[in-house]
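Engineer: The number in the numbering used here is simply the position in the sequence shown, starting from 1, with 173 added.
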Amino acid sequence: PQQWRIGFSIVGQVLFYYLNQPIIRLLISPDAFAQLTVDDLAAHVTRFSLAALGYAAPVVAPGRSVIENRTMEPTS
């Protein structure tokens, strides 16, 4: 069912960050990696998933690309 696929998608996001730590360390600075706390990543996955389901504001401001949006502060 659809609910399972949604749940699997969220689990996949969590596993991505956990299993790919060695690759992530190569892609970003040590300081940036140190900022990837469990709480911050959980908040991101939650916000991203709720936005995708239409239960929260879009993660990227309407009419802006992801690159243009990167200077915007995340909202709680």
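Just so you know, even glycine gets a beta-carbon here, dropped at the ideal spot from N, CA and C. If you're wondering where the values come from, they're calculated on a predicted model, not measured in any experiment.
Taking the alpha-carbon positions, what's the GLY227 to SER182 distance?
Structural biologist: Your numbering for residue 227 matches position 54 in the sequence shown. Your numbering for residue 182 matches position 9 in the sequence shown. Whole-angstrom Cα-Cα distance: 15 Å.
Engineer: Assess, as a yes-or-no matter, whether the segment 215-226 is touched by the segment 182-193 under the definition of 3 or more beta carbon pairs within less than 8 Å.
Structural biologist: The segment 182-193 is in contact with the segment 215-226.
Engineer: For the alpha helix (DSSP H) holding PRO235, just list the boundary residues, first then last.
Structural biologist: Working through the sequence shown from its first residue, we reach residue 235 at position 62. First-last for PRO235: undefined, no H or E at that position.
Engineer: Pick out whichever of PRO235, VAL211 and GLN176 has its Cα sitting closest to the Cα of GLN194.
Structural biologist: Residue numbering aside, residue 194 sits at position 21 when the sequence shown is read from its first letter. For the residues PRO235, VAL211 and GLN176, the minimum Cα distance to GLN194 belongs to VAL211.
Engineer: So, are the CB atoms of ILE197 and PHE206 less than 9 Å apart?
Structural biologist: Here residue 197 refers to the residue found at position 24 of the sequence shown. Here residue 206 refers to the residue found at position 33 of the sequence shown. Against a cut-off of 9 Å, the Cβ pair of PHE206 and ILE197 comes out as a contact.
Engineer: According to DSSP, is ALA229 helix, strand or coil?
Structural biologist: Reading the sequence shown from its first residue, position 56 is the one you call residue 229. Three-state result, ALA229: coil.
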